[in-house]
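Residue numbers (the numbering used here): 1164 to 1482.
Built from N, CA and C at the ideal position, the CB exists for glycine as well.
Report on the structure given below.
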């Protein structure tokens, strides 16, 4: 028998679906915040800013980008993990989202504390050597290290970085032993490589100025297919005569855990429209990025595999 009290208890449950639907239809009613856990001008930051401009036009609502760098991206990521799950805070991040917890203890879990929203683009890295280097191809590098293990040093942007993992992956798949030379950032690593202080290096956009100046020679891109980063450079598998090498750093969007599915869907759909636009494709071409949209459901289905992939790559850097 339904009493007045039991009816009152049922009302929130009965009303919830309608309330959520109405909330999603009204959303957004105030500015949306994109948190970028790295400094301005990084690939992740540039994507966030491009999407923010397009989303503002699409929705007629302000979208602000807030850079919260520090601890390899962990500080800004934690800000989003602790934010209200109301659709007004979105994290734009990259491979460090999955690698940081294996490098240092983080106050968040990259899988359990976030709701996937979309994958928007990716960037390969390039393997480079100095313009005056005796190494003309990746196979030259492999041959040298097989003749004399650890005779070739490779520069990276630091321990645990994507550039570090790129070299470690080549060591593992190529059956070679290059010596890792970590630097404070990619720009410094490129200067040292161009000057011959180290023999080769792996980097993203940080390599482009010295490549264009003719001071670095490109040996390969780290993706399995040609990349916008350096369209004429061969993929590593072809350049090295190996199989199974593929390393790119995606740009993802995540929301705090518990963000309503309706809001995740609305964000994901809007991002899909933006990534498909000619404006976004032109932006990616200008920034040497590879556009590639995955909606929330596809990213969610791929989370476990993605987390395991980056865990394995971190383990390679410690071998």
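Q | residue 1320 to residue 1385 span [Cα, whole Å] | A | Within the chain shown, the letter at position 157 stands for residue 1320. Within the chain shown, the letter at position 222 stands for residue 1385. Distance between the alpha carbons of residue 1320 and residue 1385: 15 Å.
inquiry  = Using 8 Å for Cβ pairs, my map puts residue 1339 next to residue 1374. What's the rounded Cβ distance?
reply    = Counted from its first residue, the chain shown places residue 1339 at position 176. Counted from its first residue, the chain shown places residue 1374 at position 211. At roughly 24 Å, the Cβ-Cβ gap does not stay under 8 Å, so residue 1339 and residue 1374 are not in contact.
| query | At which residue ranges does the segment 1283 to 1364 contain complete beta strand (DSSP E) runs of 3 or more residues, listed in the order of the chain? | reply | 1289 to 1293, 1316 to 1319, 1342 to 1345
Handout entry: Proximal residues to residue 1245 (C-beta, below 6 Å), its chain only, five neighbours per side dropped
Key = Translated into the one-based positions of the chain shown, residue 1245 becomes position 82. So the list is empty, once near-sequence residues are dropped.
Next on the checklist: To the nearest angstrom, how far is the alpha carbon of residue 1201 from that of residue 1208?
Outcome noted: As a first step, residue 1201 must be located in the chain shown, where it is residue number 38. As a first step, residue 1208 must be located in the chain shown, where it is residue number 45. Looking at the two C-alpha atoms, the distance is approximately 7 Å.
Q) Under a three-way DSSP split, which group does residue 1184 fall into? A) Here residue 1184 refers to the residue found at position 21 of the chain shown. Unreliable placement is indicated for residue 1184, whose pLDDT of 48 sits below 50; the coordinate value is still reported in the next sentence. In the structure shown, residue 1184 sits in a helix (DSSP, three-state: H, G or I).
### Query
By how many angstroms is the C-alpha of residue 1219 removed from the C-alpha of residue 1365?
What you label residue 1365 is simply residue 202 of the chain shown in a count that begins at 1. What you label residue 1219 is simply residue 56 of the chain shown in a count that begins at 1. In a straight line, the C-alpha of residue 1365 is about 36 Å away from that of residue 1219.
Counting only the same chain and skipping the five closest in sequence on each side, list residues whose C-beta sits under 6 Å from that of residue 1369. Walking along the chain shown from the start, residue 1369 turns up at place 206. When the five nearest sequence neighbours on each side are left out, the beta carbons in the same chain lying within less than 6 Å of the beta carbon of residue 1369 are those of 1349, 1350, 1353, in order along the chain.
Check your understanding: How is the beta strand (DSSP E) around residue 1457 delimited, first residue to last?
Key -> For this step, residue 1457 is matched to residue 294 along the chain shown. For residue 1457, the enclosing beta strand (DSSP E) begins and ends at 1453 to 1458.
- request: Taking all protein chains shown into account, decide if residue 1431 is buried (16 or more other Cβ within 10 angstroms of its Cβ) or exposed.
  value: Looking up residue 1431 in the chain shown gives position 268. Per the 10 Å Cβ criterion, buried.
- Task: Taking residue 1336 as the reference, give the member of 1189, 1476, 1456 with the closest Cα.
- Result: As a position in the chain shown, residue 1336 is number 173, starting the count at 1. Residue 1336 has its Cα closest to that of 1476, out of 1189, 1476, 1456.
For residue 1418, the nearest candidate out of 1286, 1249, 1481, 1359 (CA to CA) = Mapped onto the chain shown, residue 1418 falls at position 255. Ranking 1286, 1249, 1481, 1359 by Cα distance to residue 1418 puts 1249 first.
For residue 1481, which of helix, strand or coil comes out of DSSP?
Residue mapping note: residue 1481 aligns to position 318 of the chain shown, counting from 1. Residue 1481 falls in the coil class under three-state DSSP.
Here's the rule: buried if 16 or more other CB atoms are within 10 angstroms of the residue's CB, otherwise exposed. What is residue 1241? The residue you call residue 1241 lines up with position 78 of the chain shown. Buried.
In this structure, what does DSSP give as the bridge partners for residue 1415? On the chain shown, residue 1415 is found 252 positions in, with the first residue counted as 1. In DSSP, residue 1415 forms a bridge with 1256, 1282.
Residue 1369 - DSSP class collapsed to helix/strand/coil
Reading the chain shown from its first residue, position 206 is the one you call residue 1369. The answer is helix: DSSP assigns residue 1369 an H, G or I state.
**Asked** Out of curiosity, what's the CA-to-CA distance linking residue 1309 and residue 1479?
**Response** Here residue 1309 refers to the residue found at position 146 when the chain shown is read from its first residue. Here residue 1479 refers to the residue found at position 316 when the chain shown is read from its first residue. Going from the Cα of residue 1309 to the Cα of residue 1479 covers about 19 Å.
**Study point:** Integer Cβ distance of residue 1362 from residue 1252, believed to fall under 8 Å
**Key:** Numbered from 1 along the chain shown, position 199 holds the residue referred to as residue 1362. Numbered from 1 along the chain shown, position 89 holds the residue referred to as residue 1252. 44 Å between Cβ atoms; not a contact.
Starting from residue 1214, follow the alpha helix (DSSP H) in both directions and report where the run begins and ends. As a first step, residue 1214 is located in the chain shown; it is residue number 51 there, counting from the start. Taken as a continuous stretch (DSSP letters only), the alpha helix (DSSP H) holding residue 1214 covers 1206 to 1222.
Could you tell me the alpha carbon to alpha carbon distance between residue 1469 and residue 1294, rounded to whole angstroms? Reading the chain shown from its first residue, position 306 is the one you call residue 1469. Reading the chain shown from its first residue, position 131 is the one you call residue 1294. Computed Cα separation, rounded: 36 Å.
So if DSSP puts residue 1230 in a beta bridge, which residue, or which two residues, is it bridged to?
Taking the chain shown and counting its residues from 1, one reaches residue 1230 at position 67. Answer is 1199, bridged to residue 1230.
For the structure I just gave you, are there three or more beta carbon pairs, one from the segment 1432 to 1440 and one from the segment 1455 to 1466, closer than 8 Å? yes
Note down the Cα distance separating residue 1197 from residue 1380, rounded to an integer number of angstroms. What you label residue 1197 is simply residue 34 of the chain shown in a count that begins at 1. What you label residue 1380 is simply residue 217 of the chain shown in a count that begins at 1. If you take the alpha carbons of residue 1197 and residue 1380, they lie about 36 Å apart.
Report task. Give me the Cα-Cα distance between residue 1170 and residue 1277, rounded to the nearest whole angstrom. Result -> Residue 1170 sits at position 7 when you count from the first residue of the chain shown. Residue 1277 sits at position 114 when you count from the first residue of the chain shown. Model confidence at residue 1170 stands at a pLDDT of 42, short of 50, so the residue's coordinates are unreliable; what they give is reported in the following sentence. Those two C-alpha atoms are separated by around 35 Å.
Return helix, strand or coil for residue 1168, following the three-state DSSP convention. Your numbering for residue 1168 matches position 5 in the chain shown. For residue 1168, the predicted model reports a pLDDT of 41, less than 50, meaning its position is unreliable; a value from the coordinates is still stated below. Of the three classes helix, strand and coil, the one that applies to residue 1168 here is helix, per DSSP.
At a cut of 8 Å, does the segment 1444 to 1451 reach the segment 1388 to 1395 through at least three beta carbon pairs? Two segments are said to touch when three or more pairs of C-beta atoms, one from each, lie closer than 8 Å; by this definition the segment 1444 to 1451 touches the segment 1388 to 1395.
| field | Straight-line gap, residue 1342 to residue 1397 (C-alpha atoms, nearest Å) | value | Looking up residue 1342 in the chain shown gives position 179. Looking up residue 1397 in the chain shown gives position 234. Looking at the two C-alpha atoms, the distance is approximately 23 Å.
Contacts around residue 1302, its chain only, beta-carbon distance under 8 Å, and the 5 residues preceding and following it disregarded
Position 139 of the chain shown, counted from the first residue, corresponds to residue 1302. 1402, 1403, 1404.
Sort out for me which residues DSSP pairs residue 1398 with in a bridge.
Reading the chain shown from its first residue, position 235 is the one you call residue 1398. DSSP output for residue 1398 lists 1384 as bridge partner(s).
Subject >> Sheet register partners of residue 1410 (DSSP bridge) >> reply: To locate residue 1410, count along the chain shown from 1; it is residue 247. In the DSSP output, where bridge partners are listed per residue, residue 1410 has none listed.
Beta-carbon proximity of residue 1224 to residue 1191, cut-off 8 Å:
Here residue 1224 refers to the residue found at position 61 of the chain shown. Here residue 1191 refers to the residue found at position 28 of the chain shown. Yes, the pair counts as a contact, with Cβ atoms nearer than the cut-off.
On a CA-only basis, which of 1239, 1204, 1255, 1387 is nearest residue 1226? Give me that one, please. Reading the chain shown from its first residue, position 63 is the one you call residue 1226. Closest by alpha carbon: 1255.
When the Cα atoms are used, what is the spatial distance from residue 1269 to residue 1238?
On the chain shown, position 106 is the one that residue 1269 refers to. On the chain shown, position 75 is the one that residue 1238 refers to. Rounded to whole angstroms, residue 1269 to residue 1238 spans 9 Å at the Cα level.
Enumerate in chain order the residues of its own chain whose CB-to-CB distance from residue 1487 is below 8 Å, with the five nearest sequence positions on each side excluded. There is no way to answer for residue 1487, as the model of the chain reaches only from 1164 to 1482.
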